Every structure is written in structure tokens, then in C-alpha cells.
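So the sequence shown is residues 7 to 335, counted in our numbering.
We put the CB at the ideal spot given by N, CA and C, even for glycine.
Keep in mind that this is a model prediction, so the values were computed, not measured.
For reference, the structure discussed in these notes is given below.
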Amino acid sequence: MSRTRTERLVNLVICLLSTRRFLTAAQIAATVPGYEHDPEDPKDHEAFQRKFERDKSELRELGVPLETGAASAFDTEPGYRIARRDYALPDIPLAPDEAAAVGIAGRLWQHAGLAAAASSGLAKLRAAGVDVDPQATLGVEPIVRVDPTFAPLTAAARDRRTVAFDYRVPEQDAATSRRLQPWGVVCWRGRWYVVGHDLDRAAPRCFRLSRVVGGVRVTGRPGAYEPPRDLDLISYVARFSGPIERTGRTTVLVRRGRAAGLRRWAQETTPGAEFDRVVLRYADVDFIATQLVGYGPEVRVLEPPEVREAVIQRLKETASRHDVTPVPA
């Protein structure tokens, strides 16, 4: 049963991050869920190569330090690995949406919906004689939240089961009921989307998970449909989500020499003795608050009040879960 592209990328990052040697495309295909194919079938193998090339390009665009090389002088086929010396740097200069996408691998490693597949991939590496470092994924702390509907929608897409949910868009006060055959769940610009076939509108649609009201109801039997072949979920969401209009403006204090990713999209920066004054544009309060909280005590919000309150609320939620006193925003 095929995996979503998000799951495949997560497991590819974990696979390449967990070994010091270069892995060939054939070894990766035999290890990472989502790359299963018949290498003796020319069409099947060609489809795998196209998929693998797209995934490599996407990882590099996200800033993942993907290296190409050979395990020994006798190898004729190129291999791949992630350069941990670069990947593990405390201040990788990525924009917040890039950092969120790269960080999915670290956070979802602990997610129940993906842990089994990731563990299976590492077990295959060990069985093939590859030296796996069990500590390789520790210390990665991405700026990303998983919506409550992530798990049921991912499971439904994996099992090919129809779902129903209530969905609210900003232009309407009341939520509407939607029936969807989900093809996959993907993260785009720091937000989660489900893509699939809308049964009521008889057309493909994508829905933002944060706008789903209430729970997701599974209504169909497993294997009830098949998604389109060679589906590119990210390209689909990018086409229909449109440009983000950042009309909001927030002023924050950023500790000198810290939060490089945040500084990359600063509109104004005024140097200070201990903290720099940084002005940022944003599209919505929830999104900017989530990004700022991810930098912890390195960032403090000055204005506007709604962003400051949203950050404080998230700090309180985190503190309540860990029984600590939150640092003022």
C-alpha cells in the first residue's frame, strides 16, 4: 500500500540521517517505504527514478544538506547521505516555513502514525549491514505543530477510505459538511493540507487542516478508491493556495546572534546591546505566533497585542504540559 509523499520524505530523511555511508538509489528503494517497485520492469523503474529525483530536489530546496558520493573507490553507482555536520548546526539559516518542512522528520519520528514505518526502514538498514546511528535524529527541534486531524486523515489516505468532516472558510460564518476521498496529507508553507477527491463537488480539492471543525469521520471501506498516478501533492496545494498576503506587522526583540531563520524574512532590523529590534510581516496571527514560540526565550514580542497574547497563550499551554513556569513573551 503506497504512502503519502510527506511520509516518504520523512522516512527518506531519517534513513539518510541515520547512516554515515553513502546509500545507492537501489538500497534506498529497498529500505524507504514508498519507493517499492520492480527494478526489472522498465516502466516501473523509470517511475521510481522520476519520483526519487523529485524528492531529492525538494529536500535540497528545503535546505537539507544532501550529499552525493561513493561508499568506496570500487563503487560505480552514486550514493546519497545527509551531512550531519551541517544538518545538526544549532542556527541553520532557514526561513520559518523552510525550517518547519525540514523539521518534520525530527518531530514526526515520534508520531505514532509514522513511527512503525520509520523503525521498519532502520531495521532494514541494519539487516543490510549498514551502520545505523540511533542518536542521529536526536536534538532536532523543528518549528511545526501537527493538527489534531493529521492522524485520522493520514490513516484514511493510507487505507484509501472516504472521510467526512465539517469545514469553515474565512468568508463564511458557518461550517459546511464535506465528503472526501483523501489522496494524501502534506505540509506547505508551515501549514498542513489534505488533498483528495471531493465527492459532493465531483472534483479534486485541498483543505487546510486547521480549518476542519470537530473530528474526522471515516465513512468508507478500505481500498475504496485509487489516487491519480504520480500525484505531486505539494505542486497541487501550491497551485490552489495562492500567494500569501502578509498585511500584518509585528515588532519583536531577538537576542543578538540568534534566530537566524527569523531574521531572514525581517522587514526592518535595529541593532541593540543584547536584543535587536526586528519588524516582521505576517499573514495571520496563529501562524506567526507558532513560529515565534518555536524560538523560545530568544524572541520576545512587543506588538501588536493580539500576537503577543497568542504567543503567551501557547507558552502557557506548553508550560502546563511540562509543569514549568513560562518565560514572559
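Asked: Neighbour-count burial assignment, V192, 16 or more Cβ in a 10 Å radius; Found: buried
Asked: For L259, the residue or residues it bridges with in DSSP; Found: R283, R306
Asked: Check whether D292 and L215 have beta carbons under 8 Å apart; Found: no
Asked: Nearest-angstrom Cα separation, counted from E42 out to E309; Found: 50 Å
Asked: Given 8 Å, three or more beta-carbon pairs between the stretch 262-272 and the stretch 215-227; Found: no
Asked: Cβ shell of A180 (< 8 Å), same chain only, five flanking positions each side left out; Found: R174
Asked: Option in S63, A157, A230, F80 with minimal Cα separation from V19; Found: S63
Asked: C-alpha distance - L237 paired with A325, whole-angstrom precision; Found: 40 Å
Asked: As assigned by DSSP and simplified to three states, the class of Q178; Found: coil
Asked: V305 vs V258 beta-carbon contact at 8 Å; Found: yes
Asked: Reduced DSSP secondary structure (H/G/I, E/B, other) of S63; Found: helix
Asked: Reduced DSSP secondary structure (H/G/I, E/B, other) of V70; Found: coil
Asked: Cβ pair V299, V260 closer than 8 Å; Found: no
Asked: Span separating the alpha-carbon of L239 from that of A36; Found: 23 Å
Asked: Minimum Cβ-Cβ distance from V307 to chain B less than 8 Å; Found: Given the protein chain composition of this structure (a single chain), no chain B is represented.
Asked: Reduced DSSP secondary structure (H/G/I, E/B, other) of L18; Found: helix
Asked: Per-residue DSSP class, three states only, for Y231; Found: coil
Asked: Residues near T30 in its chain [Cβ-Cβ closer than 6 Å; skip 5 each side]; Found: E83, G85
Asked: Which of helix, strand or coil DSSP assigns to L314; Found: Checking the sequence, you will find Arg at residue 314 rather than Leu. Of the three classes helix, strand and coil, the one that applies to R314 here is helix, per DSSP.
Asked: Beta-carbon proximity list for Y301, same chain, < 7 Å, skipping 5 on both sides; Found: A265, L268
Asked: Buried/exposed call for F80, threshold 16 Cβ in 10 Å; Found: exposed
Asked: Alpha carbon of T275 to alpha carbon of V307, nearest angstrom; Found: 14 Å
Asked: Proximity winner among A295, F213, F54, D44, relative to D172 (alpha-carbon distances); Found: F213
Asked: When V313, D290, P234, S241 are compared against R60, the one with the closest alpha-carbon; Found: S241
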